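Trainee: Quick note: to get my numbering, add 82 to the position in the sequence shown (first position is 1). Every residue gets a Cβ at the ideal spot worked out from N, C-alpha and C, and that includes glycine. Here the structure is a predicted model, which means the values were calculated and not measured.
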Amino acid sequence: MPSDQFRMILAEMQAIHNRKNKDYAQEGNPFSNFERAAMLASWFDNPVDKVFATMLGIKLARMAELLNGKIPNNESLSDSFLDHEVYSVIWHAWFLECRVPIEMNLKAIEKNQEKINSYKSEFDEVKRGRT
């Protein structure tokens, strides 16, 4: 049998969930914010980009609800705009620090592969000339 403390924690969790869900989800579909975020994330191939898109999608879903007239129970619409902007800047920073170096390395590898292919072609021509 669960303890009283356990039941109190569950009741608090339910109250927080109900209050926050009202800010994020459409009336009649408590999962709409996740569905909207998933649709947005589906546009990306990179798993980290998908995470950022999901975070932004959840914020956008909340903003849509509030901009369409829902009264916030928690943070203000202005807070949601700022959260959205912060996620965008974090994503941009991650892109510059993590993705750009990878893409630069891939371009360098491709360039080196082109050189290797060129040298191989020259070698094959020289080899054909000797036979």
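1. If I'm right that residue 164 touches residue 148 with Cβ under 8 Å, what's the distance once you round it to whole angstroms?
2. Quick test of your reading: residue 104 and residue 150, contact by CB under 8 Å. State the CB separation rounded to the nearest angstrom.
3. Could you tell me the alpha carbon to alpha carbon distance between residue 110 and residue 125, rounded to whole angstroms?
4. Are the CB atoms of residue 169 and residue 134 within a distance shorter than 8 Å?
5. In three-state terms, what does DSSP make of residue 111?
6. Are the beta-carbon atoms belonging to residue 141 and residue 166 less than 8 Å from one another?
Mentor: The short version:
1. With 8 Å as the limit, residue 164 and residue 148 do not qualify as a contact, their Cβ atoms being about 13 Å apart.
2. Here residue 104 is actually not in contact with residue 150; their C-beta atoms are around 13 Å apart, not less than 8 Å.
3. 26 Å
4. Contact check for residue 134 against residue 169 passes: the beta carbons are separated by less than 8 Å.
5. strand
6. Yes, Cβ-Cβ distance for residue 141 and residue 166 is below 8 Å.
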